[in-house]
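Trainee: Following this message is one structure expressed as structure tokens.
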């Protein structure tokens, strides 16, 4: 704090740090934001196009970016993959029993699409796309939605000429007018309706996860003291990890624990798509237990891209060396693969990640 | 579900464990209902024999510098419904409301909703920026925020999709799963009125746009009138720093309005002359109506209540006689005025006792002290707030909104309780 206090008493530095003038009606806390700081964070785009940076991108470039960055979750044609959302389709379905809500069928404004891709996509690698790439991907979505031709280029200049089909499909909350008068009535207290019958039960559908039922001991002797069993189950569950196989312990001992720990910390950039460790399953990307030493594209049940299966057929095996090369530049080692990830620049970080993967050898 | 029934009574041996004692005590009367004041068949060894904890020493201070609940409460945890979302990083889990009482939700079991995972950010790294239509665009550090006038207020935060799985009929069997996307905490922080005054809102600044530091940013637009009315940024909840999963170090509190507006890891407040129409307020958090159009800006959470006990995870474990029926009620339009409970599926109602003084846009606890006759019950609750709004039935809601609006399902919940005291989620006609 003493450093800050010195700065504030130095007149010359007040200007540099933009100390807030002490106006009568404010407390003068905080400092003025610099133009570069505002530019870095104030990136929101409004429906009328205000906030859009200059740039451009066409459908064909957008298709390339789409295949590299987006298709793994949203499908080659933006139709969706697995449980991830479809991006196009569903026009005219909003009154169906199962409506399909997509950019094409539901989203009102193109600015929302551009802004969301620019800030938050790809999932797990947000804010890595260049401005022109965002324009190109948006153009490809418009093409996939049948809203533009394949020679279309989207730019800050023609952006607001594009209107999405469902722009007029929204109206302001009218619950106060439509619902309150009906609901805000003096409630009935007796003989309000006929005796009831059960019309639906959750147990018939049976989609609720397992849960323990809580019971207590009563002096009337009518209930089992099963609160103790709830505890017992929890204790049994927590006891299981103690029985680690001996082989794994040997393997772990050969690795530098500090490197493994560093790898675990770095793993956060991978875990969005890849599972590793006990119970690891294929998700967006394949499960990676035992990846080091295995042939490429050999996680059971995972649907690999053609680029990956081709590489495997050419004999690619994941050694420390090949993994290092892949992690450094995924698209360099296996062009047109679908891992939406730009690579790890730091050699130390790559070594740590590989050690961490090696610590999960089976 | 796993029902915790003992297979057979066990007799206490020469050195019985605590667990054996508990089993034995529960079964001492052989399952017969003896009622209040009845004699036990044999003396209770928990009373007649010296217990280990009455003889040996317990843990000293500092054994756990920051304590967790005792392990007997290990089952009182947030739970996830895996099939609801594609990935746990952009997902939601549920508060164990069936196992809690009072009104304050402990942070450690308060439901989580992340759009790109809970991020780790220190107070020293934290920056908050106010930009847009202001006289002075400002940057605050966390320390700066502590120098501004501070307030402490209790509010509920409910996800707009709470009970959203129940539109098509009874689906999830447990109060935690049907109504657990809610928590109620005491927040400490600074009002947006104070913060915006520091920046000086220009006359044309009619909206704010709030966004987080995380990859989703989860940006939302809020009218200036609401921002200046009762919104605040919070850095503490229930007396301690926010937990990471609740937006450490700073989140937004938007009393009475849907949880998606309560931006965590708050990074920026933009002042604008209109709404941003972000992803979260167009493609999501809009309510599709039967005519294919959608309501937007349905921010307020309307009056709602649920009986938390008895409920599927919290059955009646004893025989006929006195029991406590309890639950939660809340309204985003103000204070709860009254809660009624029905035991016959809505034919007859009685007014419950409010266990706490109702707070503005805060959860209220209600109790009904009931003499159970051992017969099946259809347990319902109905909240009425200070505006006169009465919590509607699910049928009333469906008649207006159809089945596909996802959000804002505040219909009356029914638990069918059978003669064994077991409860299940049902709908009645």
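Protein chains in written order, with the UniProt record's numbering: chain A, 1 to 362; chain B, 1 to 429.
Glycine included, every Cβ here is placed at the ideal spot set by N, Cα and C.
Round the Cβ separation of residue 391 (chain B) and residue 304 (chain B) to the nearest angstrom and send it over; I've been treating them as touching at under 8 Å.
Mentor: Yes, residue 391 (chain B) and residue 304 (chain B) are in contact; Cβ-Cβ is about 6 Å, under 8 Å.
Trainee: Rounded to whole angstroms, what is the Cα-Cα separation between residue 151 (chain A) and residue 63 (chain A)?
Mentor: Straight-line Cα distance between these residues: approximately 12 Å.
Trainee: For residue 33 (chain B), would you say it is in contact with chain A, using Cβ-to-Cβ distances shorter than 7 Å as the test?
Mentor: Note that residue 33 (chain B) scores a pLDDT of 43, beneath 50, so its modelled location is shaky; the value from the coordinates is reported in the next line. Yes, residue 33 (chain B) counts as interfacial toward chain A.
Trainee: So what does DSSP say about residue 224 (chain B), is it helix, strand or coil?
Mentor: Here residue 224 (chain B) sits in helix by DSSP.
Trainee: Could you tell me the distance, in whole angstroms, from the CA atom of residue 425 (chain B) to the CA atom of residue 169 (chain B)?
Mentor: Looking at the two C-alpha atoms, the distance is approximately 10 Å.
Trainee: With 16 other CB atoms within 10 Å as the buried threshold, where does residue 68 (chain A) fall?
Mentor: So residue 68 (chain A) counts as buried.
Trainee: With 7 Å as the threshold, decide whether the Cβ of residue 356 (chain A) is near any Cβ in chain B.
Mentor: Taking Cβ atoms only, chain B never reaches closer than 7 Å to residue 356 (chain A), which makes this a no.
Trainee: For residue 260 (chain A), collect the residues of the same chain with a Cβ closer than 6 Å to its Cβ; drop the 5 residues on either side in sequence, then sort them by chain order.
Mentor: Closer than 6 Å at Cβ, skipping near neighbours: 355, 356 and 359.
Trainee: Taking DSSP's pairing of strands, which residues face residue 157 (chain B) in a bridge?
Mentor: Note: residue 157 (chain B) sits in a beta bridge opposite B:183.
Trainee: Check this for me: beta carbons of residue 105 (chain B) and residue 184 (chain B), under 7 Å apart or not?
Mentor: In this structure, residue 184 (chain B) lies closer than 7 Å to residue 105 (chain B) by Cβ.
Trainee: Return the residue from the list B:197, B:368 and B:313 that minimises the CA-CA distance to residue 26 (chain A).
Mentor: For the residues B:197, B:368 and B:313, the minimum Cα distance to residue 26 (chain A) belongs to B:197.
Trainee: Does residue 276 (chain A) come within less than 7 Å of chain B when only Cβ atoms are used?
Mentor: Chain B contact via Cβ: absent.
Trainee: In angstroms, rounded to a whole number, what distance separates the CA positions of residue 41 (chain A) and residue 248 (chain B)?
Mentor: Whole-angstrom Cα-Cα distance: 19 Å.
Trainee: If you pair each beta-carbon of the region 222 to 242 of chain B with each one of the region 158 to 167 of chain B, do three or more pairs fall below 8 Å?
Mentor: Segments in contact, no.
Trainee: Consult DSSP for residue 263 (chain A) and reduce its assignment to one of helix, strand or coil.
Mentor: Residue 263 (chain A) falls in the helix class under three-state DSSP.
Trainee: With the cut-off set at 7 Å, would you say residue 251 (chain B) and residue 234 (chain B) are in Cβ contact?
Mentor: Contact flag set, yes.
Trainee: Within a Cβ cutoff of 8 Å, which residues of the same chain sit near residue 206 (chain A), ignoring the five residues on either side of it in sequence?
Mentor: The answer is none, since no qualifying residue turns up.
Trainee: Skipping 5 residues on each side, what residues in its chain have a beta carbon closer than 7 Å to that of residue 122 (chain A)?
Mentor: Taken in chain order, the residues that qualify are 69, 70 and 340.
Trainee: Identify whether residue 357 (chain A) lies in helix, strand or coil by the three-state DSSP scheme.
Mentor: Of the three classes helix, strand and coil, the one that applies to residue 357 (chain A) here is helix, per DSSP.
Trainee: Counting only Cβ pairs nearer than 8 Å, list the residues of chain B close to residue 303 (chain A).
Mentor: Those do not exist, as residue 303 (chain A) stays about 15 Å from chain B at its closest Cβ, beyond 8 Å.
Trainee: Taking buried to mean at least 16 other C-beta atoms within 10 Å of its own C-beta, is residue 296 (chain A) buried or exposed?
Mentor: So residue 296 (chain A) ends up on the buried side.
Trainee: Against chain A, with Cβ distances strictly below 7 Å, would residue 25 (chain B) count as a contact?
Mentor: Note that residue 25 (chain B) scores 35 on pLDDT, short of 50, meaning its location in the model is unreliable; the coordinates nonetheless yield the value given after this. At least one chain A Cβ lies under 7 Å of residue 25 (chain B).
Trainee: Count the other CB atoms within 10 Å of the CB of residue 417 (chain B); is the residue buried (16 or more) or exposed (fewer)?
Mentor: Looking at its Cβ environment, which holds 16 or more other Cβ atoms inside 10 Å, residue 417 (chain B) is buried.
Trainee: Taking the Cβ atom as the reference point for each residue, do residue 411 (chain B) and residue 380 (chain B) lie within a distance shorter than 7 Å?
Mentor: No, the Cβ-Cβ distance between residue 411 (chain B) and residue 380 (chain B) is not below 7 Å.
Trainee: Quick check: what's the CA-CA separation for residue 232 (chain A) versus residue 285 (chain B)?
Mentor: Summary for residue 232 (chain A): the model assigns pLDDT 40, below 50, so the residue's position carries little reliability, and this model does not support an answer.
Trainee: Answer yes or no: does any C-beta atom of chain A fall closer than 7 Å to that of residue 318 (chain B)?
Mentor: Cβ-Cβ to chain A under 7 Å: yes for residue 318 (chain B).
Trainee: Beta strand (DSSP E) containing residue 313 (chain A): first to last residue?
Mentor: First-last for residue 313 (chain A): 306 to 313, but that is the alpha helix (DSSP H), not the beta strand (DSSP E).
Trainee: Unbroken beta strand (DSSP E) runs of length 3 or more, entirely within the region 37 to 101 of chain B: which are they?
Mentor: Entirely contained in the region 37 to 101 of chain B, the beta strand (DSSP E) runs reaching 3 residues are, in chain order, 91 to 94.
Trainee: Can you list, in chain order, the residues of its chain whose CB lies under 7 Å from that of residue 276 (chain B), leaving out five sequence neighbours each side?
Mentor: If we look at residue 276 (chain B) and ignore the five residues flanking it on each side, its Cβ neighbours are 209, 219 and 221.
Trainee: Using the C-alpha atoms, what's the distance from residue 190 (chain B) back to residue 272 (chain B)?
Mentor: For residue 272 (chain B) and residue 190 (chain B), the distance between alpha carbons rounds to 21 Å.
Trainee: Spell out whether any CB of chain B is found under 7 Å from the CB atom of residue 44 (chain A).
Mentor: Interface residue, yes.
Trainee: Residue 347 (chain B) versus chain A: which residues are under 9 Å apart at the beta carbon?
Mentor: Near residue 347 (chain B) (Cβ distances below 9 Å), the residues of chain A are 190, 191, 192, 193, 194, 195 and 196.
Trainee: From A:138, A:215 and A:191, pick the residue whose C-alpha is nearest to that of residue 99 (chain B); which is it?
Mentor: The residue with the shortest Cα to Cα distance from residue 99 (chain B) is A:215.
Trainee: Which residues mark the beginning and the end of the beta strand (DSSP E) in which residue 171 (chain A) is found?
Mentor: Where residue 171 (chain A) is concerned, the enclosing beta strand (DSSP E) stretches over 170 to 172.
Trainee: Could you pull out every residue in the same chain whose Cβ sits closer than 7 Å to the Cβ of residue 102 (chain A), ignoring the five residues on either side in sequence?
Mentor: Contacts found: 86, 87, 88, 89 and 90.
Trainee: If you pair each beta-carbon of the region 133 to 149 of chain B with each one of the region 58 to 67 of chain B, do three or more pairs fall below 8 Å?
Mentor: The region 133 to 149 of chain B, when compared against the region 58 to 67 of chain B, does not touch it at the 8 Å Cβ threshold.
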